[in-house]
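In this note's numbering, the protein residues as written are 199 to 474.
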């Protein structure tokens with residue numbers, strides 16, 4: 199029997215365990231079981247609170263299918279609220295060690311149920327083993343034909359790999375059909391998250407994301423940030439953008455060369471999980 203806490207950030211939901219409670223368990227199996235929406239608690243991902251030698255605290259993240267993810271934007275906001283509310287961290291600004299590096303987070307306000315958390319996601323990365331090769335500079339506006347239709351894709355890393363596709367009307371996109379075809383395309387050796395982005399105006403985007411290892415979600419913090427980055431780079435959108443997702447709204451800011459994401463984190467419930 200293991201203590202758990204369930205959180206959501208703009209509809210992206212997560213189960214959090216403390217390392218001291220689940221030490222010795224197979225985290226891949228635990229994530230697969232606890233995230234199952236029929237036979238488990240149900241969530242898009244699982245996080246484990248860990249100690250860190252290089253930051254104030256450490257975060258391990260697993261997708262719903264049990265695969266390891268380097269980072270999760272909505273997840274780290276929920277993680278920050280949890281460790282702050284549990285008084286594992288006393289500072290409103292602190293650092294979190296992730297597989298994507300050390301992230302700086304700030305608790306903007308802390309209420310009993312909802313908090314606004316700001317995360318410095320750092321600078322985007324435009325090359326690496328996860329990103330397709332063959333072009334000089336960022337892998338932007340490159341054609342990819344699938345089942346007779348050509349998509350112009352833009353790929354980068356901001357915490358994790360993301361591919362952004364711009365569309366005229368987000369409501370007309372079948373994310374569940376197209377998303378997995380791009381996620382698993384041979385072009386991406388480590389697969390990719392897929393974001394469909396509609397530019398409403400220079401200050402406003404709408405985004406829907408197909409997350410690798412999860413599926414279509416109500417929100418993806420790093421996916422929203424990736425969409426804002428490419429919108430800024432390619433279409434000169436503003437340095438401060440509101441991004442609408444199915445689960446709410448996130449604020450993305452570019453300050454100097456770094457990108458910041460601000461959004462809510464809410465505790466849904468706490469309890470005891472029977473892992474067998």
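Don't be surprised by glycine CBs; every beta carbon is placed ideally from N, CA and C.
For this session: Pick helix, strand or coil for residue 425, following the three-state DSSP scheme.
Result: Residue 425 falls in the helix class under three-state DSSP.
Exercise. Do you know offhand how far residue 370's Cα is from residue 394's?
Worked result: 11 Å
Problem set entry | Whole-angstrom distance between residue 386 and residue 323, CA atom to CA atom | Distance between the alpha carbons of residue 323 and residue 386 is about 15 Å.
Problem set entry | beta strand (DSSP E) segment containing residue 333, residue limits | Looking at the DSSP string, residue 333 is not in any beta strand (DSSP E), and its letter there is neither H nor E.
For this session: Under 8 Å by Cβ, that's how I've got residue 380 and residue 365 pegged, so tell me the actual separation to the nearest angstrom.
Result: Contact between residue 380 and residue 365 does not hold, since the beta-carbon distance rounds to 13 Å and is not under 8 Å.
For this session: Within its chain, find whatever has a CB closer than 6 Å to the CB of residue 286; leave out the 5 residues flanking it on each side and keep chain order.
Result: none
For this session: Spatial neighbours of residue 231 within its chain, please: CB distance less than 6 Å, with the 5 preceding and 5 following residues excluded, ordered by chain position.
Result: Closer than 6 Å at the Cβ level, and outside the excluded window around residue 231, lie 238.
For this session: Please classify residue 279: does DSSP put it in a helix, a strand, or coil?
Result: helix
Exercise. In whole angstroms, what is the alpha-carbon distance linking residue 425 and residue 336?
Worked result: 14 Å
Problem set entry | residue 211 and residue 412 closer than 7 Å at C-beta | no
Problem set entry | Check whether residue 275 and residue 463 have beta carbons under 7 Å apart | yes
Exercise. With distances taken between CB atoms, is the gap from residue 422 to residue 441 smaller than 7 Å?
Worked result: yes
Exercise. Roughly how many whole angstroms lie between the Cα atoms of residue 339 and residue 397?
Worked result: C-alpha separation (whole angstroms): 15 Å.
Problem set entry | 8 Å contact criterion, which residue 416 and residue 209 should meet: CB distance rounded | 3 Å
Exercise. Excluding five sequence neighbours on each side, which residues of the same chain lie with their C-beta closer than 6 Å to the C-beta of residue 451?
Worked result: 438 and 458
For this session: To the nearest angstrom, report how far apart residue 235 and residue 327 are at their CA atoms.
Result: 33 Å
For this session: Verify whether the separation of the beta carbon atoms of residue 216 and residue 247 is less than 7 Å.
Result: yes
For this session: Kindly indicate which residue of 474, 345, 358 and 388 has the alpha-carbon position closest to the one of residue 376.
Result: 345
For this session: State the beta-bridge partners of residue 340 as determined by DSSP.
Result: In the DSSP assignment, residue 340 is bridged to 351.
For this session: Just tell me which of 357, 343, 358 and 362 has its CA closest to the CA of residue 351.
Result: 362
Exercise. Which of helix, strand or coil does DSSP assign to residue 225?
Worked result: helix
Problem set entry | Chain-order list of residues whose beta-carbon lies under 7 Å from that of residue 368 (same chain, five-residue window excluded) | Around residue 368: 394, 396, 404 and 406.
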